[in-house]
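**Q**
Residue numbers (the working numbering), protein chains in the order written: chain A, 81 to 463; chain B, 81 to 463.
(1) Ignore the nearest five residues each way along the sequence and tell me which others in residue 133 of chain A's own chain have a CB closer than 8 angstroms to its CB.
(2) Residues of chain A with a CB under 8 angstroms from the CB of residue 224 of chain B: which are they?
(3) Label residue 374 of chain B either buried or exposed according to how many other C-beta atoms from any shown protein chain fall within 10 Å of its C-beta, with 16 as the threshold for buried.
(4) Drop a sphere of 10 angstroms on the beta-carbon of residue 110 of chain A, count the other beta-carbons inside from all chains shown, and report buried for 16 or more, exposed for fewer.
(5) Excluding sequence positions up to five away, which residues of its chain have a Cβ less than 6 angstroms from the Cβ of residue 204 of chain B?
(6) Considering only DSSP beta bridges, list what residue 120 of chain B is partnered with.
(7) State the CB to CB distance for the pair residue 352 of chain A and residue 376 of chain A, rounded to an integer number of angstroms; the pair is presumed to be in contact (CB under 8 angstroms).
(8) Within 10 angstroms of its Cβ, does residue 58 of chain B collect 16 or more other Cβ (buried), or is it exposed?
(9) Select from the region 354–367 of chain A all residues with a C-beta closer than 9 angstroms to any C-beta belonging to chain B, and list them in chain order.
(10) Which residues, in chain order, does the region 179–196 of chain B contribute to contact with chain A at a C-beta distance below 8 angstroms?
(11) If distances are taken between C-alpha atoms only, which option among B/394, B/385 and B/402 comes closest to residue 363 of chain B?
(12) Name the chain A residues whose beta carbon is nearer than 9 angstroms to that of residue 215 of chain B?
(13) So is residue 158 of chain A buried or exposed if we call it buried at 16+ other beta carbons inside 10 Å?
(14) Just to confirm the assignment: which complete alpha helix (DSSP H) runs, minimum length 4, are found wholly within the region 253–317 of chain A?
(15) Step through the CB atoms of chain B and report whether any lies within less than 8 angstroms of the CB of residue 101 of chain A.
(16) So residue 337 of chain B contacts chain A; which residues on that side make the cut at Cβ distance below 8 angstroms?
(17) With a cut-off of 8 angstroms on the beta carbons, I'd call residue 119 of chain B and residue 321 of chain B a contact; round off their distance for me.
(18) Against residue 251 of chain A, what residues of chain B qualify as contacts under a CB-to-CB distance less than 8 angstroms, listed in chain order?
(19) What are the residues in the region 122–155 of chain B lying within 8 angstroms of chain D by C-beta distance?
(20) So which residues of chain B does residue 255 of chain A contact, with C-beta pairs closer than 9 angstroms?
(21) State yes or no: is the beta carbon of residue 83 of chain A nearer than 8 angstroms to at least one beta carbon in chain B?
(22) Tell me whether residue 325 of chain B sits in a helix, a strand or coil according to DSSP, three-state version.
(23) Closer than 8 angstroms is the cut-off here; do at least three beta carbon pairs connect the region 243–263 of chain A with the region 327–344 of chain A?
(24) From the DSSP output, in three-state form, read off residue 409 of chain A for me.
(25) What is the DSSP secondary structure of residue 245 of chain B, reduced to helix, strand or coil?
(26) Which value, in whole angstroms, describes the spacing of the CA atoms of residue 289 of chain A and residue 123 of chain B?
(27) Taking the C-alpha atoms as reference points, what is the distance between residue 293 of chain B and residue 287 of chain B?
(28) Judging by CA-CA distance, which residue of A/240, A/220 and A/461 is the nearest neighbour of residue 253 of chain A?
(29) Is DSSP giving residue 345 of chain A helix, strand or coil here?
(30) Of all the options A/164, A/171 and A/225, which has the alpha carbon lying nearest to the alpha carbon of residue 190 of chain A?
(31) Per DSSP, residue 152 of chain B is paired with what?
(32) Taking the beta carbon of residue 161 of chain A as the centre, do at least 16 other beta carbons fall within 10 Å, making it buried, or is it exposed?
(33) Could you have a look at residue 385 of chain A and say whether DSSP puts it in helix, strand or coil?
(34) Is the beta carbon of residue 206 of chain A sitting closer than 8 angstroms to the one on residue 218 of chain A?
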């Protein structure tokens, strides 16, 4: 019901699916500087604390005095040694090696091993304290140990705060496929505190920016804010965290397990991003999402799904976030990776979620050769 | 709210928790020889087909023409080579080694590997065709691959038909702990066909009998049937399959994730069964459940939770199912294993679900030394 494929656009009626940001947004309980955003999913209600003081307040309300098992990575453990000592001194702290390449089953089972040794039980609160990798693999471990322990996410990167810590997707990469083994498991609490963003390197900021720009291509309010911004500095981006969280929460509430055709809107730009990431690696996920958003916007324009004026506005936002577009030789062969995307269930076609108009998106489906041809033309500057 | 611990029995009021079988039973849609039993859980509705023709009917309705990935074990693949060829000839068939010792992460990842190679996707139907191990590890793989594929269980053992295939618990054993890593994942369909029971060795029949006797200690109707039976032959036990399924379905519907204090009633006899199984191994799970049910009935009697007449009736049923009670030297030290049970979350006490009266059970909680002392006395014939 929610789907609108390219074929539809070419036939009578041109059915499409549009949502205004207002309709998708979860209600917020606004405080002075901190917001609590509730997520009511079928499996478990959750709450996201956003803003200054989120960490302390969440800690006091949910973690103090509980049996905790903290998963963090080597970078975060070093940067926040004092905080860990102060708040998690009496907890089991499991430090996994940092980096996307460690989001694998070896890391997962090392966490499970330590949970067994620590005699964790179902009421233990697993605290995933770190970026996207810690959140994904730590959340996964929490979902599996004794078929599920309690889970609190404390995301320390911009990407994790605006995107990956919210919504309950957990996973590891396996056999070269991103997130191919995982679970849906909602955290009971997510603490998005801007204090953790101050130590981020530039690359990490850009990484988060990728998901923010993607959200702008789905949500009118965030689009307007990014359009009107003079710079994309950290202070500015911090303010977008609760807006992105509310947008995502609204989507996840309506389609927790990506079965109703709605949640996949969050994959805008991601089919191409994942295809390139698999082939070229090295750059951050967020950069690939920026590239993917630009490529898929151009495809939407060429397919007649998106008007030129709006496409150009999206592209302008992307180019401000990523002034120098990387080069991708052999991009045609990278296109095949898109077939491995989870959305393309058993089809020989490539599904893309693309921008349509301000606050609206569409889903289009292209034969692989057409998609590959588009990528080559865009890379060659012909589109 | 549902819990009634031993302490309660000793204090004023003696709160206890009792359910009649009628209240817990899922509604059945009766056909001529086959029943369809619906399970409405929060996560996913499911349906269990019980009786002659269950396999063919379920196959026609759900599996024919679909993209299938079949998980089975070496025994089942040998015994049902013709059936597999006929019905699953065009499907990917993944044969895992038979036996409880293979319910581990190696087998799990070998299935996931083959799913990747077969390019399975979210709409692929994973068919777990075999006994409890195939169901548990196959169901687990289905829950994890792309965060969940479709799942149909075709249980081929009495144990799997009356118990493990229904209710959505999946798991592997890990680091010496039973089912410590797993998920809740409801199959959309379970096909319990008596045709598969005809090839079972005696040991497997007794294994299923363990869970049937346990259910009798919870459900008045099944208790009456077992009490009145003259022999426990396969034809007789087959008729109990839909009754046991309906009872379990009723429990699972009300407490899918074992969080409401109800589903753990299904662990009657299991705390002691698992403790002994960990120490002594070799015998079948069902035999340990029979032993556990006998031991825990005697404990309930000694604690004053269960009346002598009813306890003796339960013990009589157990002894007809297991005429020769095995011996357990050093049973006192085996008692410690009970602390590892998932029910005993972070407590130094042992929780037991014990028979109370016909169709009623109680939960009691004992300090470890008391529990160990009971086991020793019972083993020594003093209780």
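From the three backbone atoms N, C-alpha and C, an ideal C-beta is built for every residue, glycine too.
This one's a predicted model, so the numbers in the text were calculated from it and none came from an experiment.
**A** From the atom records:
(1) 113, 114 and 273
(2) By Cβ distance, chain A contributes 261, 262 and 263.
(3) Here residue 374 of chain B is buried. Its C-beta has 16 or more other C-beta atoms within 10 Å.
(4) Its pLDDT being 46, under 50, residue 110 of chain A is placed unreliably by the model, and nothing is read from it.
(5) Exclusion of the five residues before and after residue 204 of chain B leaves 147, 149 and 229 as the residues of its chain whose Cβ lies within less than 6 angstroms of its Cβ.
(6) B/125
(7) About 6 angstroms separates the beta carbon of residue 352 of chain A from that of residue 376 of chain A, a gap short enough to meet the 8 angstroms contact definition.
(8) The requested residue 58 of chain B does not occur in the structure, where chain B is confined to residues 81 to 463.
(9) none
(10) 185, 189, 192, 193 and 196
(11) B/402
(12) Near residue 215 of chain B there are no residues of chain A at all, since even the closest Cβ is about 15 angstroms away, more than 9 angstroms.
(13) exposed
(14) 282–296 and 300–308
(15) In this prediction, residue 101 of chain A scores a pLDDT of 37, lower than 50, which makes its location untrustworthy; the coordinate-derived value is nonetheless stated afterwards. Not an interface residue.
(16) Taking the beta carbon of residue 337 of chain B as reference, the chain A residues within 8 angstroms of it are 227 and 228, listed in sequence order.
(17) Contact annotation, residue 119 of chain B with residue 321 of chain B: C-beta distance approximately 15 angstroms; criterion of less than 8 angstroms not satisfied.
(18) Within chain B, the residues near residue 251 of chain A are 227.
(19) Absent here is chain D; the protein component of the structure consists of chains A and B.
(20) The answer, in chain order, is 192, 193, 196 and 197.
(21) Note that residue 83 of chain A scores a pLDDT of 34, beneath 50, so its modelled location is shaky; the value from the coordinates is reported in the next line. Not one chain B Cβ lies under 8 angstroms of residue 83 of chain A.
(22) helix
(23) yes
(24) coil
(25) coil
(26) 34 angstroms
(27) Roughly 10 angstroms separates the two Cα atoms.
(28) A/220
(29) helix
(30) A/225
(31) B/175 and B/209
(32) exposed
(33) The answer is coil: DSSP assigns residue 385 of chain A none of H, G, I, E or B.
(34) yes
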